[in-house]
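Chains as they are written, first to last, in this note's numbering: chain A, 43 to 378; chain B, 88 to 325.
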Amino acid sequence: MEIYKSYLDNIRAALANEIQLSAPEVMFNEDRKRSLLEEQKQLLKKTKNAQPLPSLQDLSSDWGLRPALNQKLGLHPDFQHLKYENGVEYHYIHSMFIDIKGSTNLFKYYSPLVVAIVTNTIQIAAIHTCMVFGGYIQRLHGDGTLVYFGGKQQTRSDSVQRCLSAASLFTHFMKTDIKSFFESRGIKPIYTRIGIDYGNDDDVLWMLAGAGEASEVTTCSLHTSLAPKMQANAKGNGIVVGDNVVGLFPSEFYSPVAARLGEEHRYIFRNQAKNFNYTQYDFDWETYLVQNEHIATNHFNGTIHIKPRQVKVVQPTTGLASIAAVSNPYYGNQVG
Amino acid sequence: MATRLDKEATQDFAEVRRHFPKLLTIALESGNVLFEGDIDIFDQQGVYWNTYNIRITVPTQYPRGVPELHEVSQLIERVIDRHIDKDGWCCVGVSHELFIRAHRDFRIIDFLSEYAYPYLANQSYFMVEGHFAGFEYKHGFGGVIQFYQKLFKTQDFELISKFIDSFLHTRLPRYRDMCWCGSGRKYRKCHLLVINELKKISKTQLKSDLSNFQLIQTPQVPFFKQFRRGMTSIVAGS
Ligand SMILES: [Zn+2]
Ligand SMILES: [Zn+2]
Numbered sequence: 043m044e045i046y047k048s049y050l051d052n053i054r055a056a057l058a059n060e061i062q063l064s065a066p067e068v069m070f071n072e073d074r075k076r077s078l079l080e081e082q083k084q085l086l087k088k089t090k091n092a093q094p095l096p097s098l099q100d101l102s103s104d105w106g107l108r109p110a111l112n113q114k115l116g117l118h119p120d121f122q123h124l125k126y127e128n129g130v131e132y133h134y135i136h137s138m139f140i141d142i143k144g145s146t147n148l149f150k151y152y153s154p155l156v157v158a159i160v161t162n163t164i165q166i167a168a169i170h171t172c173m174v175f176g177g178y179i180q181r182l183h184g185d186g187t188l189v190y191f192g193g194k195q196q197t198r199s200d201s202v203q204r205c206l207s208a209a210s211l212f213t214h215f216m217k218t219d220i221k222s223f224f225e226s227r228g229i230k231p232i233y234t235r236i237g238i239d240y241g242n243d244d245d246v247l248w249m250l251a252g253a254g255e256a257s258e259v260t261t262c263s264l265h266t267s268l269a270p271k272m273q274a275n276a277k278g279n280g281i282v283v284g285d286n287v288v289g290l291f292p293s294e295f296y297s298p299v300a301a302r303l304g305e306e307h308r309y310i311f312r313n314q315a316k317n318f319n320y321t322q323y324d325f326d327w328e329t330y331l332v333q334n335e336h337i338a339t340n341h342f343n344g345t346i347h348i349k350p351r352q353v354k355v356v357q358p359t360t361g362l363a364s365i366a367a368v369s370n371p372y373y374g375n376q377v378g
Numbered sequence: 088m089a090t091r092l093d094k095e096a097t098q099d100f101a102e103v104r105r106h107f108p109k110l111l112t113i114a115l116e117s118g119n120v121l122f123e124g125d126i127d128i129f130d131q132q133g134v135y136w137n138t139y140n141i142r143i144t145v146p147t148q149y150p151r152g153v154p155e156l157h158e159v160s161q162l163i164e165r166v167i168d169r170h171i172d173k174d175g176w177c178c179v180g181v182s183h184e185l186f187i188r189a190h191r192d193f194r195i196i197d198f199l200s201e202y203a204y205p206y207l208a209n210q211s212y213f214m215v216e217g218h219f220a221g222f223e224y225k226h227g228f229g230g231v232i233q234f235y236q237k238l239f240k241t242q243d244f245e246l247i248s249k250f251i252d253s254f255l256h257t258r259l260p261r262y263r264d265m266c267w268c269g270s271g272r273k274y275r276k277c278h279l280l281v282i283n284e285l286k287k288i289s290k291t292q293l294k295s296d297l298s299n300f301q302l303i304q305t306p307q308v309p310f311f312k313q314f315r316r317g318m319t320s321i322v323a324g325s
């Protein structure tokens, strides 16, 4: 997708750089080697940019979003007062756990610096996508990322859609651009797995965990804990969501994980004493995306595009003319 | 619809959905089926242009019969020069041509790719260029004439009417006769192929077209007479 172009370019540049480094004429040219390694370090730095790269910035303007870009990990702006009060508060939240899988395999082919550029770029692409959709990055666990959606400025129904849209777009990027990028180089592609759950006002406790500098404002909730667990049950480039998401946003896009993994995987959590059974569902993000009002599908090749808010008037009509000229319209009163 | 056709239709509709994910099938209580939703216009370079909200009526005798396209989003100005009526009914082609096309199976996906999508792409083209990209038929009977001229590969009204008239009265040439068009070829190898297409158009339509043709050919006579009379008066006045 065009929106992830700058991220993919970054990865492409790192790999091209690596190929040059292994060329015989460079191996014995210390100056050239140093400058290529310096370029790699710069590429890694570029991935650390707090702002979405230019291609992804288009997304927020086309989708009409106001991204939350200035973030501090572990200090959700709606609940940061808890850090100073050391208090607690109940408030709904969507928890999303994004994992990036298959990066270990890359060490077979690339130096640690290049692997770092690849995995970082992908993780940052996930983070930026979430930020653009108003998500809040809570915590990084190696290749995993915990993100919250919602809070006091957003309604539950808005934030569930934003959360699902962010997860779907990022997964689409992994399943198309990233997948074909690595496959074309004969390398098993990196992929993502995502788990999402919603906890309502009664079920999510916000509090300060840890102490002093080693502390974060975080949630204590079954539904935050379930997000990484459901992530582990997702298929490659798949999204699994909990019962509460289905309840909040009912649609035709869910099917019980049990249909894929067997009956013993129907529930992600059970409390038999209370007769509480919590179902997990595969989320059909591909259908969800193509049905989205902001997405246009090219019927010639099935690729999806973010609809621009305004079509550029200057685009040349040559590509349109050949399709349009097939039509020989008519106006008559003898309608069939 | 028979069960076998129902199954075929279901497969066809699923294919439409695969290509156009925002077109939803709606089964009406009357038993008729509609498609409603969005069509995104992309060009051959993969450039996105715009999105039309449309409705397609599936004929009851599906996969035979001619589907109809309505533009609901009102992006197309409702003037006849845009080949659309005030209710958004889109004139994707001359009805004769569509009936000939529907003589064999006319699947919705084919209607979309052969007619609806090019028509809408052409409208997007018009919005930028101020004119359509390809040939457009004249309005009213003028377009029907153009259709027959294309079909018969001749401009000659008289020859066209002669063929239609003979077809309606089964007084056509014999297969081995020389063709009336003067090509020097046998009828069997010449306009018989066109006559076979006429069979796919309803006789009522052909009869009405024939009388329209005759109306057009005749005006020249009174006009000429008028001219002669004018000449006479000039001569008389001198
Ligand atoms: Zn028309
Ligand atoms: Zn002939």
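We put the beta carbon where it would ideally sit given N, CA and C, even for glycine.
- The C-alpha of Leu101/A lies about 8 Å from the C-alpha of Val174/A.
- Residue side-chain check: Ser253/B keeps its Cβ at 7 Å or more from all non-hydrogen atoms of ligand 2.
- Taking 7 Å as the cut-off, the C-beta of His347/A does not count as close to any heavy atom of ligand 2.
- Secondary-structure assignment with DSSP links Glu95/B through no beta bridge to anything.
- By the 16-neighbour rule on beta-carbons within 10 angstroms, Ile113/B is exposed.
- Of the heavy atoms belonging to ligand 2, at least one sits nearer than 7 Å to the Cβ of Ser270/B.
- Phe193/B is the residue among Leu185/B, Phe222/B and Phe193/B whose C-alpha sits nearest the C-alpha of Phe100/B.
- Taking 9 Å as the Cβ-Cβ cut-off, the region 119-141 of chain B approaches chain A at Asp125, Ile126, Asp127, Ile128, Phe129, Asp130, Gln131, Gln132, Gly133, Val134, Tyr135, Trp136, Asn137 and Thr138, given in chain order.
- Taking the Cα of His183/A as reference, the smallest distance to any Cα among Arg308/A, Asn91/A, Ser210/A and Pro270/A is reached at Pro270/A.
- Per DSSP, reduced to three states, the secondary structure at Arg351/A is coil, with no helix or strand assignment.
- In this structure, Val160/A sits near Ile53/A, with a CB-CB distance shorter than 8 Å.
- Not a single CB atom of chain B sits nearer than 8 Å to the CB of Pro109/A.
- Boundaries of the beta strand (DSSP E) around Gly284/A: Gly280 to Gly284.
- Against chain A, the CB of Ile232/B has no partner CB under 8 Å away; the residue lies outside that interface.
- DSSP, reduced to helix, strand and coil, places Gln180/A within a strand of the structure shown.
- Boundaries of the alpha helix (DSSP H) around Tyr235/B: Phe228 to Phe239.
- Judged by beta-carbon spacing, Phe300/B lies beyond the 8 Å limit of Ala366/A, meaning their Cβ atoms are not closer than that value.
- Close CB contacts of Asp172/B within its chain, under the 8 Å cut and outside five residues either way in sequence, are with Arg165 and Cys178 (chain order).
- Straight-line spacing of the CA atoms in Asp125/B and Ser160/B works out to 9 Å.
- Taking a C-beta cut-off of 9 Å against chain B, the contacting residues of the region 359-375 of chain A are Thr359, Thr360, Gly361, Leu362, Ala363, Ser364, Ile365, Ala366, Ala367, Val368, Ser369, Asn370, Pro371, Tyr372, Tyr373, Gly374 and Asn375, listed in chain order.
- Three or more beta-carbon pairs separated by less than 8 Å link the region 177-193 of chain A to the region 122-135 of chain A, which places the two stretches in contact.
- Counting C-beta atoms within 10 angstroms of its own C-beta, Ser199/A has fewer than 16 neighbours from the protein chains shown and is therefore classed as exposed.
- The criterion of a C-beta distance shorter than 8 Å is not satisfied by Ile164/A and Cys205/A.
- CA-CA distance, Phe342/A to Asn128/A, rounds to 57 Å.
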